[in-house]
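Let me begin by presenting the structure, written as structure tokens, before commenting on it.
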Amino acid sequence: AAVTANKAFQSHLQSLGVNPANIGFSYLTMESDKFICIREKVGEQNQVVIIDMADPNNPSRRPISADSAIMNPTSKVIALKGCYLGHFLTPLTPALNASYSTGVIQPTKTHCCNALTT
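The numbering of the sequence shown is the numbering used here, which starts it at 6 and goes up by one.
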């Protein structure tokens, strides 16, 4: 039964236009039963697909490049690790958190960690 549910889940994500190669632990995160976030690259553009489980047939796609993304289950806040919101902030500004509200990404907090050099 679990295998059948897993295949149905994968089929549904594919029907929404998610690349099958991005359906897995490296690209997909779920927080409770509220949201699914999927990182993918379409052509030359990196994006994050946000699926609100209250309306799973209408995913939201955002032009964000990030190492990982997860939605807060109680508010529409997305946490991004290692991301660049190039066209929402200054070009290639590293950010840690941004809020997602009514189709617009607005930064709530940013934090830049510079690599340590020796």
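By construction, the Cβ of each residue, glycine as well, lies at the ideal position given by its N, Cα and C atoms.
Just to confirm, are residue i and residue j a CB contact at a threshold of 8 Å?
{"i": "K55", "j": "I75", "result": "The question names Lys, but residue 55 is Ile in the sequence shown. Not closer than 8 Å, so no."}
{"i": "Q50", "j": "R67", "result": "no"}
{"i": "R44", "j": "N62", "result": "no"}
{"i": "M58", "j": "K86", "result": "no"}
{"i": "P78", "j": "S37", "result": "yes"}
Using the beta-carbon count (16 or more within 10 Å), is residue i buried or exposed?
{"i": "V47", "result": "exposed"}
{"i": "T95", "result": "Annotation note: pLDDT 39 at T95 (below 50); position unreliable, no value reported."}
{"i": "F14", "result": "exposed"}
{"i": "A100", "result": "Annotation note: pLDDT 48 at A100 (below 50); position unreliable, coordinate value reported separately. Buried."}
From the DSSP output, read off the bridge partner residues of residue i.
{"i": "N51", "result": "K46"}
{"i": "F40", "result": "E36 and D57"}
{"i": "L85", "result": "A74"}
{"i": "S65", "result": "I55"}
Please confirm if the stretch 28 to 39 is in contact with the stretch 60 to 71, defined as three or more CB-CB distances below 8 Å between the two stretches.
no
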